[in-house]
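Residue numbers (the working numbering): 1 to 123.
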């Protein structure tokens, strides 16, 4: 399975920018978040699935998220004749600790992910 970053029409890749910012952070905690995400994505790409199904959740329509304890990476999947299954990460965000109003992913992140899917499909 291939895992890539979705891009908008201006060529920006919010998921890459998010993960790079974590990895380049002065905060040891944020660098650890980046490492956790890298290990999870590597496992997912290598195996084609995650060993712990609770690390993934459908958000709305084609939008899903892959989860580490501290960050969330929304994505969508599609099939390519040459490469098979491809997951495109739309963006990333740090988990809001505590409960949101409905106990789920904040709507602004769902809307951002859905918008990025549309943008990426135009490219």
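Yeah, the Cβ is synthetic: ideal placement off N, Cα and C, and Gly gets one too.
Under a three-way DSSP split, which group does residue 2 fall into? strand
Residue 56 and residue 50: beta carbons closer than 8 Å? yes
Contacting residues, own chain, Cβ-Cβ under 6 Å from residue 22 (five flanking each side not counted): 30, 33, 34
With residue 17 as the anchor, note down where its alpha helix (DSSP H) starts and where it stops. 14–23
Counting only the same chain and skipping the five closest in sequence on each side, list residues whose C-beta sits under 8 Å from that of residue 69. 36, 95
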